[in-house]
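Visitor:
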């Protein structure tokens, strides 16, 4: 294996799933929800970069053109998911497919609607990377959550089982004994912004 191949094996790319249409938020795409003066998608991208992911792929779906026009996505690989209404599984498949062939050894998967999970938690999970067979996830009081680290050897299996809004859940359940849990409850809050009541978390 060459030095370049070694370096690629060590690379952990970032994958941000930001395609949701915010159905319970009156159809407001989650990527564009304002938080601290910027769209949520920008906060999530910045956190992945700060956590050490030089390469970040962003999956868009609902009102993708609006997101491209109104959010700063410079330096990211933007992936369109025309099947976003079929659930998060379709976005995860689209994102993993876009990373195939890049040489990255693993991917750190993050969700745009979890602004309480920042760079510190992401960096902890990223640090659990041990090569293409890695599987790791943040834990909150021992309960598995996001972000999730998927070694490249698992991408095909995850893609084959990612359906609806379950994402990688089925695959991770089958491989639970292989997952390294990284406690992040002291540095992050794993709430989702799904309903109007959840908007209280945004500033």
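Residue numbers (the working numbering): 1 to 203. Each residue gets a CB set at the ideal place from its N, CA and C atoms; glycine is no exception.
1. Would the region 77-86 and the region 42-51 be scored as touching if the rule is three or more Cβ pairs under 8 Å?
2. Applying the criterion that 16 or more other CB atoms from any shown protein chain within 10 Å of the CB defines a buried residue, is residue 23 buried or exposed?
3. Quick test of your reading: residue 145 and residue 136, contact by CB under 8 Å. State the CB separation rounded to the nearest angstrom.
4. Using DSSP with H/G/I as helix, E/B as strand and the rest coil, what is residue 191?
5. Tell whether a beta-carbon distance below 8 Å holds between residue 117 and residue 188.
6. Using 10 angstroms around the beta-carbon of residue 20, count the other beta-carbons present and answer buried if the total reaches 16, otherwise exposed.
7. Can you tell me whether DSSP reads residue 67 as helix, strand or coil?
8. Taking the C-alpha atoms as reference points, what is the distance between residue 48 and residue 56?
9. Quick one: complete beta strand (DSSP E) runs, 3+ long, within the region 75-113?
10. Quick one: any contact between the region 24-41 and the region 59-74, if contact means 3 or more CB pairs under 8 Å?
11. Could you tell me the distance, in whole angstroms, from the CA atom of residue 161 to the CA atom of residue 171?
12. Which residues mark the beginning and the end of the alpha helix (DSSP H) in which residue 43 is found?
Guide: If we stick to the structure as given:
1. Output reads no: the region 42-51 does not touch the region 77-86.
2. Position 23 of the chain shown holds residue 23. With fewer than 16 Cβ atoms within 10 Å of its Cβ, residue 23 is classed as exposed.
3. The count along the chain shown starts at 1 and reaches residue 145 at position 145. The count along the chain shown starts at 1 and reaches residue 136 at position 136. Rounded, the Cβ-Cβ distance is 12 Å, inconsistent with contact.
4. Locating residue 191 in the chain shown gives position 191, counting from the first residue. Residue state, collapsed to three classes: coil.
5. Position 117 of the chain shown, counting from 1, holds the residue named residue 117. Position 188 of the chain shown, counting from 1, holds the residue named residue 188. Yes, the Cβ-Cβ distance between residue 117 and residue 188 is below 8 Å.
6. Locating residue 20 in the chain shown gives position 20, counting from the first residue. Residue environment: residue 20 is assigned as buried (16 or more neighbouring CB atoms within 10 Å of its CB, all protein chains considered).
7. Taking the first residue of the chain shown as 1, we reach residue 67 at position 67. Looking at residue 67 - three-state DSSP - the assignment turns out to be helix.
8. For the purposes of this step, residue 48 is taken as the residue at position 48 of the chain shown. For the purposes of this step, residue 56 is taken as the residue at position 56 of the chain shown. Between residue 48 and residue 56, the C-alpha separation is close to 7 Å.
9. Entirely contained in the region 75-113, the beta strand (DSSP E) runs reaching 3 residues are, in chain order, 77-80 and 106-111.
10. Between the region 24-41 and the region 59-74, the count of Cβ pairs shorter than 8 Å is three or higher; the stretches touch.
11. Walking along the chain shown from the start, residue 161 turns up at place 161. Walking along the chain shown from the start, residue 171 turns up at place 171. Those two C-alpha atoms are separated by around 6 Å.
12. Here residue 43 corresponds to residue number 43 of the chain shown, with the count starting at 1. Counting along the chain, residue 43 sits inside the alpha helix (DSSP H) bounded by residues 40-50.
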